[in-house]
Amino acid sequence: MPVERPTFQRLRALSLSILFAVVALAATDPQPVEAESSGQAQPLVADPVLEARVQSLAHKLRCLVCQNESIAESRAPLAIDLRNQVREQFAAGKNEDEVIEFLVTRYGDFVLYLPPFKPVTVLLWLGPVLFLVAGGGWLLLRLRSRAREPKQHLSDAERARAQALLAGAPAENEESGS
Amino acid sequence: MKAKFLVPLAIFLVLAGFLGYGLTLNPREVPSPLIDKPAPGFSLARLEAPGQQFGTEDMRGKVWLLNVWASWCVSCRQEHPQLVALARQGVPVIGLNYKDERDAALKWLKDHGNPYAQTVADPDGRIGIDYGVYGTPETFLIDRGGVIRYKHIGPVTPDTIRNVLLPRIAELSRAG
């Protein structure tokens, strides 16, 4: 597997942040924070509106390391970096299309969960319609040709036997004697 | 229409053909949109001497390899002897030390040998993003005009060097 993650660095960063948290807790004054007393976690980000935009775009982008996760869900370091990129560019005033363009020029259409409509993806987008039309056409032809087939009527003998059966006569088994 | 019963069989064979072909592909190898595009420019601090800068402009006019590596990357260790061999053949290999710690990187080069003509540090992985790096090691072949001609994802093998890199390097060098 060519893909590596700096696990060691992550562990170190984690232990460092725990250390900082402990130090910060020890340094805070004993007065309880409002969010804490109401039992809610404090928002991790300064700007919830920006963060909502980042999250909404991040859900549409594929993480290239763990390919079945979006960069919003993935914990791979690359996903974290890309989320930071998205956040930075939004903060710098870029719109969603510009950020998508930035990522597509670097990672290709593969980063998009919704592939764009272009010559190579024509079959992808129109394939289902094609199948539907072909299947529908085949069904229509079948039904028409069946409608043209002459209806088979019962012969007099058959009709008499059917009526006898309906009237409750015992069925004679024609194929075997038992 | 006597052969009607063959229709499902034919559909099955076509499907099996496609699926079988899919099995031979490596989903990890995402084709880079950067092939045949100008290599993103950078000027970064040298790993050995952070006071000095080195960048793409310094390599203009040369056919060179950009190898993205890190000391925490196990596959980089695996490909390392190949890079050393390449460097010995006179191919300029520039190292992009990706999201690494300087001390660890320097120790790694000291322990395993240094194939890099220059190594620059990309501690926060920004240049890596410009190059669409998603898994180390990755190796880019860049021509005299600064255009990316080929990208190898994963460890470079002796086979890749013999059959892909060296022929392409020779071709690009001839092209002037």
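Chains A and B supply the protein sequences, listed in that same order.
The first sequence stops at residue 200 when you use our numbering, and every number in between is there.
The second sequence stops at residue 356 when you use our numbering, and every number in between is there.
Note that CB positions come from ideal geometry on N, CA and C, so glycine has one too.
A quick note: this is a predicted structure, and the numbers were derived from the prediction, not measured.
Segment limits, alpha helix (DSSP H) that includes residue i
i, result
"E171 of chain A", "Element bounds for E171 of chain A: n/a, residue is neither H nor E."
"K217 of chain B", "Unbroken run through K217 of chain B: none, as it is neither H nor E."
"V108 of chain A", "99-113"
"P347 of chain B", "346-354"
"R84 of chain A", "Where R84 of chain A is concerned, there is no enclosing alpha helix (DSSP H), given that its DSSP letter is neither H nor E."
"I122 of chain A", "118-129"
"Q185 of chain A", "178-188"
Cβ neighbour criterion (16 or more within 10 Å) applied to residue i
i, result
"A350 of chain B", "exposed"
"K184 of chain B", "exposed"
"I191 of chain B", "exposed"
"R170 of chain A", "exposed"
"G305 of chain B", "buried"
"K331 of chain B", "buried"
"Y314 of chain B", "buried"
"S96 of chain A", "buried"
"R166 of chain A", "exposed"
"G200 of chain B", "exposed"
"P207 of chain B", "exposed"
"L189 of chain B", "exposed"
"R128 of chain A", "buried"
"R105 of chain A", "buried"
"G334 of chain B", "buried"
"T236 of chain B", "buried"
"W288 of chain B", "buried"
"G308 of chain B", "buried"
"L345 of chain B", "buried"
"A285 of chain B", "buried"
"V151 of chain A", "exposed"
Close-in-space but distant-in-sequence residues of the same chain around residue i (CB under 8 Å, 5 per side omitted)
i, result
"L208 of chain A", "Any answer about residue 208 of chain A is impossible in this case: the structure gives chain A only from 23 up to 200."
"L352 of chain B", "V243, L321, D323, R324, R329"
"P213 of chain B", "G312"
"K217 of chain B", "V327, I328"
"T316 of chain B", "V248, W249, A250, C253, S255, C256, Y278"
"M239 of chain B", "P272, I274, I322, G326"
"Q77 of chain A", "A94"
"F198 of chain B", "none"
"A267 of chain B", "V273, P295, Y296, A297"
"A219 of chain B", "T236, L246, Y311, F320, I322, G326, V327, I328"
"V126 of chain A", "V133, L134"
Cutoff 7 Å; reference residue i; Cβ partners in own chain excluding five residues on either side
i, result
"G115 of chain A", "none"
"D131 of chain A", "P137, P138"
"R282 of chain B", "L227, A301"
"H81 of chain A", "S92, A94"
"L146 of chain A", "P137"
"E118 of chain A", "L79"
"Q53 of chain A", "At Q53 of chain A, the pLDDT of 45 sits below 50, so the modelled position is not reliable and the matter cannot be decided from this model."
"C85 of chain A", "E91, S92, I93, S96, A98, L100, A101"
"R181 of chain A", "none"
Close beta carbons around residue i, own chain, < 6 Å, minus the five adjacent residues each side
i, result
"S59 of chain A", "For S59 of chain A, the predicted model reports a pLDDT of 44, less than 50, meaning its position is unreliable; a value from the coordinates is still stated below. So no residue of the chain qualifies."
"G241 of chain B", "R324"
"F144 of chain B", "An answer regarding residue 144 of chain B cannot be provided, because it is not within the stretch 181 to 356 covered by chain B."
"V336 of chain B", "E259, Q262, T319"
"A196 of chain B", "none"
"L100 of chain A", "V87"
"N280 of chain B", "A quick correction: the sequence has Asp, not Asn, at residue 280 of chain B. Excluding residues within five positions, the ones whose Cβ falls inside 6 Å are A250, S251."
"N360 of chain B", "Residue 360 of chain B is absent from the structure shown; chain B starts at 181 and stops at 356."
"T50 of chain A", "Any reading at T50 of chain A needs caution, since the residue's pLDDT is 48, under 50, leaving its predicted position unreliable; the model's value is listed next. Excluding sequence neighbours, T50 of chain A sits near nothing in its chain."
Any C-beta of chain C under 8 Å from that of residue i
i, result
"E259 of chain B", "No chain C appears in this structure, whose protein chains are A and B."
> What residue ranges within the stretch 288-341 of chain B form continuous alpha helix (DSSP H) runs of no fewer than 4 residues, ordered along the chain?
Replying inline: For the stretch 288-341 of chain B, the full-length alpha helix (DSSP H) segments reaching 4 residues or more read 306-310 along the chain.
**Q.** Chain-ordered residues of the stretch 78-110 of chain A with a beta carbon less than 8 Å from chain B
**A.** Cβ contacts with chain B come from L86, V87, Q89, P99, L100, D103, L104, Q107.
* Name the residues in the stretch 265-287 of chain B whose C-beta lies less than 7 Å from a C-beta of chain A; which are they? -> Within the stretch 265-287 of chain B, the residues whose Cβ lies closer than 7 Å to any Cβ of chain A are, in chain order, K279.
- Task: Using a Cβ-Cβ cut-off of less than 9 Å, give me the residues of the stretch 293-320 of chain B that come near chain A, in sequence order.
- Result: For the stretch 293-320 of chain B, which is checked against every Cβ of chain A, the residues closer than 9 Å are D304, G305, R306, G308, I309, D310, Y311, G312, V313, Y314, G315, T316, P317, E318.
- Query: Going along the stretch 183-214 of chain B in order, which residues come within less than 8 Å of chain A, judged by CB to CB distance?
  - Reply: P207, R208, V210, P211, S212, P213, L214
Report task. Jot down the residue ranges of each uninterrupted beta strand (DSSP E) in the stretch 202-285 of chain B, minimum 3 residues, whole runs only, in chain order. Result -> 223-225, 233-235, 244-249, 273-278
Under 7 Å, CB to CB, which of the residues in the stretch 127-158 of chain A have a partner in chain B?
The stretch 127-158 of chain A vs chain B, Cβ under 7 Å: T127, R128, Y129, G130, F132.
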